[in-house]
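Residue numbers (our numbering): 44 to 374.
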């Protein structure tokens with residue numbers, strides 16, 4: 044009997060050992076994965092919520108359900124650089140499997156905090172120039188993602204301003220100089236301005252008070268218009284900028300449809316679609332691919348949105364050609 048028990052025990056142990064790889068594999072599949080999300084918006088911003096809803100939808104289509112096989116830790120900076128640095132460090136300390144980063148303002152502190160945790164960025168203008176990746180085709184490090192646009196789009200903004208408001212001879216250009224995109228976009232507008240007969244005034248965006256003072260001062264002279272370049276701070280302060288444009292009766296061109304609820308006209312990428320596409324990169328990284336091997340992608344969908352009601356309030360006659368080419372006209 045003792046010998047029989049030993050043989051049974053050895054057989055049992057051998058069977059258990061053989062099953063270990065299977066059990067370990069099952070545990071690995073069932074393990075709840077962790078995603079960090081660092082957003083430049085405030086938590087109550089409906090645009091930020093819409094973009095993250097697209098991420099959740101994209102993840103679900105790939106088999107990831109929040110609260111079941113994936114956990115998401117959110118941090119919202121509200122455009123505050125100090126908050127962004129603090130939250131970047133917090134998210135890295137949680138040791139997530141991947142971090143989704145919104146804007147250059149998020150990517151820079153994340154890369155200072157980690158060179159190992161995978162990062163998928165969205166709405167970044169020049170990741171090569173900023174040193175986030177080695178090249179667009181072969182990022183090479185722990186970050187990859189989605190470009191917000193090419194700088195040439197800024198010339199289109201000036202063309203649209205002249206098309207919808209031909210009387211404009213002066214344009215204030217709102218830009219954020221702490222990121223590379225601000226000066227670069229202004230440079231493109233500056234190059235196009237002489238041929239369109241427009242004098243430019245750069246307005247560096249820092250806070251609400253500065254924006255209000257600068258626009259009020261600019262509006263004291265006639266024939267003015269606004270070009271709002273895309274950045275974290277212009278997006279955070281978009282309601283204020285739109286209100287000021289209406290108060291001072293300034294035709295304004297904006298970088299995305301999230302400005303055109305009451306704003307005049309916008310042209311830019313479909314940001315919600317970019318976040319949906321970013322979910323695909325998050326999925327691929329969770330399934331074992333490396334950011335270094337995933338090329339940085341450019342936007343594929345652009346939208347021209349026109350607010351006809353705002354045009355009428357400004358006394359503008361919208362050209363038929365512009366109405367025909369708009370992807371959406373808000374009546």
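Cβ atoms here follow ideal geometry from the backbone N, Cα and C, with glycine treated the same way.
Compare the C-alpha of residue 77 against each of 126, 86, 136 and 90 and name the closest. Position 34 of the chain shown, counting from 1, holds the residue named residue 77. It is 136 whose Cα lies nearest to the Cα of residue 77.
Give me whichever residues DSSP pairs with residue 131 in a beta bridge. Taking the chain shown and counting its residues from 1, the one referred to as residue 131 is at position 88. For residue 131, DSSP assigns no beta-bridge partner whatsoever.
Below 8 Å, can you find three or more Cβ-Cβ pairs linking the stretch 255 to 273 to the stretch 192 to 205? They touch, by the three-pair rule.
Who are the Cβ neighbours of residue 220 in its own chain at under 7 Å, not counting the five residues just before and after it? One-based indexing of the chain shown puts residue 220 at position 177. If we look at residue 220 and ignore the five residues flanking it on each side, its Cβ neighbours are 226 and 247.
Out of curiosity, what's the CA-to-CA distance linking residue 252 and residue 305? The residue labelled residue 252 in the question sits at position 209 within the chain shown. The residue labelled residue 305 in the question sits at position 262 within the chain shown. Spanning the two alpha carbons is a distance of roughly 21 Å.
Three-state secondary structure (DSSP) of residue 107: Counted from its first residue, the chain shown places residue 107 at position 64. Under the three-state reduction of DSSP, residue 107 is assigned to coil, being neither helix nor strand.
Please return the same chain residues whose Cβ sits closer than 6 Å to the Cβ of residue 148, not counting the five positions on each side in sequence. Residue 148 sits at position 105 when you count from the first residue of the chain shown. Leaving aside the five residues that flank residue 148 on each side, the residues in its chain whose CB is nearer than 6 Å to its CB run, in chain order, 83, 127 and 275.
Can you give the Cα-Cα distance for residue 337 and residue 324, rounded to whole angstroms? Counting from 1 along the chain shown, the entry for residue 337 is found at position 294. Counting from 1 along the chain shown, the entry for residue 324 is found at position 281. Straight across, the Cα-Cα distance linking residue 337 with residue 324 is about 8 Å.
Which runs of the beta strand (DSSP E) at least 3 residues long sit entirely within the stretch 201 to 264? Give them in chain order. Counting whole runs of 3 or more residues, the stretch 201 to 264 contains the beta strand (DSSP E) stretches 213 to 218 and 242 to 247.
Use the C-beta contact count for residue 158: other C-beta atoms within 10 angstroms, 16 or more gives buried, fewer gives exposed. The sequence position of residue 158 within the chain shown is 115, counting from 1. That one is exposed.
Given this structure, state the Cα-to-Cα distance separating residue 193 from residue 329, to the nearest angstrom. Position 150 of the chain shown, counting from 1, holds the residue named residue 193. Position 286 of the chain shown, counting from 1, holds the residue named residue 329. C-alpha separation (whole angstroms): 29 Å.
Can you tell me the Cβ-Cβ gap for residue 80 and residue 116, rounded? I've got them flagged as a contact below 8 Å. As a position in the chain shown, residue 80 is number 37, starting the count at 1. As a position in the chain shown, residue 116 is number 73, starting the count at 1. With a contact defined as Cβ atoms closer than 8 Å, residue 80 and residue 116 qualify at about 7 Å.
Identify the continuous alpha helix (DSSP H) that holds residue 279 and give its terminal residues. Counting from 1 along the chain shown, the entry for residue 279 is found at position 236. From DSSP, the alpha helix (DSSP H) with residue 279 extends over 275 to 279.
Between which two residues does the beta strand (DSSP E) carrying residue 349 extend? Along the chain shown, read from residue 1 onward, the residue named residue 349 stands at position 306. It spans 345 to 350 - the beta strand (DSSP E) in which residue 349 sits, taken as one unbroken run.
Closest Cα partner of residue 74 within the set 91, 108, 284 and 92: Taking the first residue of the chain shown as position 1, residue 74 is located at position 31. Closest by alpha carbon: 108.
Quick one: Cα of residue 318 to Cα of residue 93, how far? Position 275 of the chain shown holds residue 318. Position 50 of the chain shown holds residue 93. Note on geometry: alpha-carbon atoms of residue 318 and residue 93 lie some 9 Å from one another.
Check each candidate in 169, 176, 140 and 172 and name the one with the smallest Cα separation from residue 154. By one-based count along the chain shown, residue 154 stands at place 111. Closest in C-alpha terms to residue 154, from the list 169, 176, 140 and 172, comes 176.
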